[in-house]
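Going down the list, the protein sequences come from chains A and B. Note that the UniProt record's numbering has the first sequence beginning at 1, numbered continuously upward. Note that the UniProt record's numbering has the second sequence beginning at 1, numbered continuously upward. Glycine residues also receive a C-beta, built at the ideal position from the N, C-alpha and C atoms. Worksheet for the structure shown next.
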Amino acid sequence: MSDAVFMVMMAMFGGAIRVSTPFLLVALGETLTEKTGRINLGLEGNLVLGAMVAYATSYSTGSPWLGVLAAAGTGTVLSAGHGWICKLPKVNDIAVGIAFMTLGTGLAFFFGKPFIQPTAPRLDAIELGNWSSNPQVQQALKINPLFFVGLALAVVLWWMLKNTRWGLIIRMTGDNAAAARAMGISVDRVRLVATAAGGSLAGIAGAFLSLYYPGSWNESLSSGQGLMAVALVIFARWSPIRCVWAALLFGASGALGPALQSIGISKGYYFFNAAPYILTLIIMVLSARSQKAAHEVPGELSIVK
Amino acid sequence: MTKIFKTFRAPSLETLHMSKSFGRNKALDDVSLKVAAGSFHALLGENGAGKSTLVKCMMGFYEADAGQMMIDGQEIRIHSPRDAQALGIGMVYQHFTLVPCLTAAENLVISRRDIPMVINWKSERQRLDAFMETMPFRVRLDAQVSTLSAGEKQKLEIIKLLYLDQRFLILDEPTSVLTPAEADEILGVLGEMALRREVTVLMISHKFREVKAFCDSFTVLRRGRFVGAGDARRVNAAEMSSMMIGDVGMRPPATRLKTIQDGPKLELRGVSTLGDEGRRVVSDLSLKLCSGEILGIAGVSGNGQSALIEVLSGQRPLSGGEIKINGAPFEPTRRNFDRFKVFGLPEEPMRNAVVPRMSVAENIAFRSFDKPPVLKRFGLMSSARMRQRGMELIQQFNIHTSSPDAPIETLSGGNVQRTVLARELSGEVDILIVANPCFGLDFASVADIRGKIMECRNRGAAVLLVSEDLDEIFEMSDKISVMSAGKISDPVSTLATDAMRIGKQIAGQTDEIVAGPQAE
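In structure tokens, the structure reads:
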């Protein structure tokens, strides 16, 4: 029995890292955007379009890393569009975000039809488990470099927000736009740049989905992960470091179903697969009542005002 | 700007013949103000006297139509707040300008012009600590600003100005959000700094107590004009307030008829309520109101008046005490308002009394849409009858609107107030609760609206009038109470008192009301 527990634990560990990577990247992008006082709900669109573009690029050029770059570029362009439209007077960022979400997925479905069948070269993982003779350990420690990119980005973002001029300007813009304007900061430009940068991260997350795990392009690839990442940002209270823990938690809950299946427990499989969605709901209810969250939310977010 | 120079010691500042108009309204008319180096100067005046306009011209938010400004005897031109900052003139606003999610240290660093790309917090902190050593106040540098108290925020605002080497400090009612103890501490320290000639302070204030205790000179404005200046230590508060208030009652007041006063109609017993930040803003307040009388509650805003009105209109829950009408307990619900015939004119009607995008007729029907004749059988509403009734009242109350279907937000302030009056006063009124009914209105509307309220009293209604305008209090009230720090003084008959005495009481210069720091 302890063997089975070990198997489940290892499968969940590996799964958590695999599943959490796109959550982490999207959440970091959204944290950066929301820190400037704007919400970009369109990241789900970036994710799906990024996945398609990465897959198509990898298929046509043979280089998956070129695919990742292309996805980042697509994400940047799409989110820059969001940022630019939100500059216009009396535009609601949430409504524009929903429009961009459907635009992104729509474009991806439209251009992605021919790429559903063929197989593109995938990203390679770093094998960190070779020291062990246990196949489960080896399997669990196959980690994609993008996960480490996400970890590094979280630390860099946290440091940047705290220790640089840009970081302070971003936080000031997000918390008191009037004060930022009084200091001669172009609030719209700060938000545009932050939204575009956040969008590129969501694009990369899409590339991870199609080129590593699950590792193929189809229309139900994302199943709302971009939106759940927005909820995750609230749960992480806009802190990049807490985003890592929150993403791992979401990842672990997402890995629960497959991990149980690997030892033959298939009862309630669909229920366990729904775990991330249930977790999202619970987290939203709990964090809505949190006094701490109320303190740390950027004051300029349109849902707060 | 011709020349940038920084003064590290207290500068002197003068304005000469400053004028500024907004449309036809002359907000400043030939005002000269002289603040000597190292003085603690008070700028006094009632609401709308032009104090804010004057300092905003000095700070470069407005450009004056005419006039000059001199710093240390040299003429300067200021076109924007940045120019003022560069010349060492800084202002603390009534609303905090700190960024709440940043720490105190971060707020200081970001206020600087030359923020380095990467901030070395270790060396930055050493410099900040060294700077704080020279400061008279202590503020926790690592605390997030949103967790600081109002007093600490105010201190940080002042420290920020000194950090930026601004030595001419303009303070706009700096103590309005502070407890008396906090206020005394901050003003005391600033006074000492001025005495050592480290700063020059210009403070806008309503509170004679603070002016007498901390300022050495003062200037009074009234209706945009310079009225007088002098030595704050010699001139007494009564003289200052008579300069501020001027001749009371220039317009013919509304006719007051003799009424039979019986009651009490409305009675508050030990009423307390909490403000938005969870502090007690009205504490243990009791009052009695008889029919056929107007009880005026005077006081500077922010002393709990708004919260009191919100309690009576059901916008804010009671945290203690009880409200009685005709001896029966009263809960502010729509049904009870109808039953006891309680009506009201809240302050800022656009926020508290009307729905801006709904039509004039619909806004008039708020109290009657669920009763016949507007309500027909099967719970249906007759919009024709609603419109009909609206038209009648528009006529009767002389509301200027393009049609009864125009959104009420298209009306002028006076007409919005008349619309609310039409809705509230068209029927039989037993109790009327009024707050700042004439704020920001032109003279004709003011006379009109006061007349309507007086008429209501003459017909036997009990009227509670909360107002920041002393003239209004004296013109309208039969009895006057003063509200200060959430507490209320015993009412006195209007005939037995005068504006001086009430003015002093408002400024907290009497022992009739207890407004200590322990009130919070």
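Contacts around residue i, its chain only, beta-carbon distance under 6 Å, and the 5 residues preceding and following it disregarded
| i | result |
| --- | --- |
| A:S253 | A275, P276, L279 |
| A:F235 | A246, I283, S287 |
| A:M172 | A180 |
| A:G203 | N46, G50, A71, A72, T74, G75 |
| B:V199 | A10, R167, L169, M193 |
| B:D30 | H17, S19 |
| B:L308 | V282 |
Beta-carbon proximity of residue i to residue j, cut-off 8 Å
| i | j | result |
| --- | --- | --- |
| B:S484 | B:I502 | no |
| A:D175 | A:P298 | yes |
| B:K160 | B:L202 | no |
| A:A72 | A:A196 | no |
| A:N130 | A:L78 | no |
| A:E300 | A:A177 | yes |
| B:K479 | B:V492 | yes |
| A:A54 | A:A207 | yes |
| B:F218 | B:H41 | yes |
| B:G67 | B:S123 | no |
| A:L128 | A:L141 | yes |
| B:A462 | B:L312 | no |
| B:R197 | B:A36 | no |
| B:P136 | B:V92 | no |
Same chain only: Cβ atoms within 7 Å of residue i, ignoring 5 sequence neighbours per side
| i | result |
| --- | --- |
| B:Q261 | C290, S291, G292, E293 |
| B:L470 | I245, A298, A499, I502, G503 |
| B:P264 | K288, L289, C290 |
| A:A16 | L248, G251, A252, A255 |
| B:I115 | V109 |
DSSP state of residue i mapped onto helix, strand, coil
| i | result |
| --- | --- |
| B:I473 | helix |
| B:G282 | Rather than Gly, the amino acid found at residue 282 of chain B in this sequence is Val. Strand at B:V282. |
| B:G435 | In the sequence under discussion, the amino acid at residue 435 of chain B is Ala, which differs from the Gly named in the question. Of the three classes helix, strand and coil, the one that applies to B:A435 here is strand, per DSSP. |
| A:I126 | strand |
| B:F369 | coil |
| A:H82 | helix |
| residue 521 of chain B | Because chain B in this structure spans residues 1 to 520, residue 521 of chain B falls outside the shown range and cannot be described. |
| B:D172 | strand |
| B:S291 | coil |
| B:P407 | strand |
| B:N25 | strand |
| B:D129 | helix |
| A:D93 | helix |
| B:G60 | coil |
| B:A36 | coil |
| B:R351 | helix |
| B:F330 | coil |
Through-space distance from residue j to residue i, alpha-carbon basis
| i | j | result |
| --- | --- | --- |
| B:R251 | B:M454 | Here the model assigns B:R251 a pLDDT of 49, short of 50, so the residue's position is not dependable, and the following value carries that caveat. Each residue's alpha carbon lies about 15 Å from the other. |
| B:T103 | B:F131 | 16 Å |
| B:E46 | B:S21 | 18 Å |
| B:C57 | A:R191 | 32 Å |
| A:K162 | B:P329 | 56 Å |
| residue 530 of chain B | B:R77 | The shown model of chain B, from 1 to 520, leaves out residue 530 of chain B, and the question about it has no answer. |
| B:G275 | B:G314 | 14 Å |
| B:R269 | B:S283 | 11 Å |
| B:E348 | B:I394 | 20 Å |
| B:A84 | B:D172 | 16 Å |
| A:G97 | B:S80 | 37 Å |
| B:E512 | B:S481 | In this prediction, B:E512 has a pLDDT of 42, which is less than 50 and means its spatial position is unreliable; nothing more can be read from the coordinates. |
| A:I39 | B:S146 | 22 Å |
| B:S205 | B:L33 | 16 Å |
| A:T61 | A:G67 | 8 Å |
8 Å Cβ shell around residue i - same chain, five flanking residues per side excluded
| i | result |
| --- | --- |
| A:A154 | L24, L28, P240, I241, C243, V244 |
| B:S412 | H400 |
Minimum Cβ-Cβ distance from residue i to chain C less than 8 Å
| i | result |
| --- | --- |
| A:A179 | Considering every chain present, this structure includes no chain C. Its protein chains are A and B. |
Practice prompt. May I ask you to verify whether the stretch 255-275 of chain A touches the stretch 27-37 of chain A, counting CB pairs closer than 8 Å and requiring at least 3?
Written response: no
Worksheet item: Is it true that the stretch 425-434 of chain B meets the stretch 332-344 of chain B, where meeting means three or more beta-carbon pairs spaced less than 8 Å apart?
Response: yes
Worksheet entry | the stretch 475-494 of chain B contacting the stretch 222-237 of chain B, beta-carbon criterion three pairs below 8 Å | The stretch 475-494 of chain B, when compared against the stretch 222-237 of chain B, does not touch it at the 8 Å Cβ threshold.
Discussion item. Counting beta carbon pairs with one atom in the stretch 84-99 of chain A and one in the stretch 208-218 of chain A, are three or more of them shorter than 8 Å?
Written reply: no
Worksheet item: Taking three-plus beta-carbon pairs below 8 Å as touching, is the stretch 112-121 of chain B in contact with the stretch 135-152 of chain B?
Response: no
Worksheet item: How about the stretch 383-393 of chain B and the stretch 355-362 of chain B: do they share at least three Cβ pairs that are nearer than 8 Å?
Response: yes
Worksheet item: Contact between the stretch 350-357 of chain B and the stretch 406-421 of chain B: three or more CB pairs below 8 Å?
Response: yes
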